[in-house]
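The structure under discussion appears below in the form of structure tokens.
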Amino acid sequence: MIMVALVASYITMVFFNNVTDYSTNLNYIQHVMTMDALPQDSPHHWRSIQTPLLHHTAYLFIIILQLLSSALCWKGFLQFLRHTDRESVISARQTSNLGLVLAFGIWFGGFFVIGGEWFLAWQTPWGALASASRIMIAVGLTLIFINLPDDY
Numbered sequence: 003m004i005m006v007a008l009v010a011s012y013i014t015m016v017f018f019n020n021v022t023d024y025s026t027n028l029n030y031i032q033h034v035m036t037m038d039a040l041p042q043d044s045p046h047h048w049r050s051i052q053t054p055l056l057h058h059t060a061y062l063f064i065i066i067l068q069l070l071s072s073a074l075c076w077k078g079f080l081q082f083l084r085h086t087d088r089e090s091v092i093s094a095r096q097t098s099n100l101g102l103v104l105a106f107g108i109w110f111g112g113f114f115v116i117g118g119e120w121f122l123a124w125q126t127p128w129g130a131l132a133s134a135s136r137i138m139i140a141v142g143l144t145l146i147f148i149n150l151p152d153d154y
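Numbered by the numbering used here, the letters in the sequence shown go through residues 3 to 154 in order.
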């Protein structure tokens with residue numbers, strides 16, 4: 003239960019920072035999507051997206067997913083606090099699972115699959131894969147922990 007609250011806190015802070023300091027991570031998104039840090043002779047530049055409107059759209063989509071993930075994790079945590087019977091624990095797990103799986107999707111799907119592999123960010127200083135790895139580990143461990151059977 004506390005693990006869900008910690009993940010929710012983290013995602014909430016990431017969301018808050020992205021909203022209050024919009025330009026910092028927009029800069030990151032722009033560098034990744036334009037693939038401007040790849041060697042000029044890379045045969046993969048055709049994958050780049052140079053349209054600023056699409057950079058903003060992608061970033062806003064990420065921020066909305068972070069808000070949704072955070073809200074689901076907080077709701078699941080509050081449900082855990084109020085659990086009174088087996089059904090309420092199951093409901094808390096389900097809600098938490100939705101938020102945690104969404105978070106995993108943001109950082110694995112967004113950072114590793116799309117950013118890291120499609121836009122080849124792993125080849126650049128803009129990769130951020132180490133940070134995404136830490137988040138995925140925390141989220142993954144939380145998913146495992148809250149879904150352990152109650153009767154061992």
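C-beta atoms are modelled at their ideal positions from N, C-alpha and C, and glycine is treated no differently.
{"Asked": "What is the DSSP secondary structure of M37, counted as helix, strand or coil?", "Found": "coil"}
{"Asked": "In or out: Y97 buried (at least 16 other Cβ within 10 Å) or exposed?", "Found": "A small fix is needed here, since residue 97 is Thr in this sequence, not Tyr. T97 should be labelled buried."}
{"Asked": "Would you grab the beta carbon distance between P127 and A39 for me? Rounded to a whole angstrom, and I think it's under 8 angstroms.", "Found": "6 angstroms"}
{"Asked": "Buried or exposed: where does V21 fall if 16 or more other Cβ atoms within 10 Å of its Cβ makes it buried?", "Found": "exposed"}
{"Asked": "If we ignore side chains and look at the alpha-carbon of each, how far apart do H33 and V16 end up?", "Found": "19 angstroms"}
{"Asked": "Roughly how many angstroms lie between the CA atoms of P157 and V91, to the nearest whole one?", "Found": "The requested residue 157 does not occur in the structure, where the chain is confined to residues 3 to 154."}
{"Asked": "Have a look at G101 and H46 and give me their C-alpha separation to the nearest angstrom.", "Found": "34 angstroms"}
{"Asked": "On the three-state DSSP scale, how would you describe R84?", "Found": "coil"}
{"Asked": "Between which two residues does the alpha helix (DSSP H) carrying L145 extend?", "Found": "L131 to I148"}
{"Asked": "Secondary structure at S11, three-state DSSP: helix, strand or coil?", "Found": "helix"}
{"Asked": "Report, in whole angstroms, the separation of the C-beta atoms of A10 and C75, which I expect to be a contact under 8 angstroms.", "Found": "4 angstroms"}
{"Asked": "Decide if the stretch 101-113 is in contact with the stretch 60-76; the criterion is three or more beta carbon pairs, one per stretch, under 8 angstroms apart.", "Found": "yes"}
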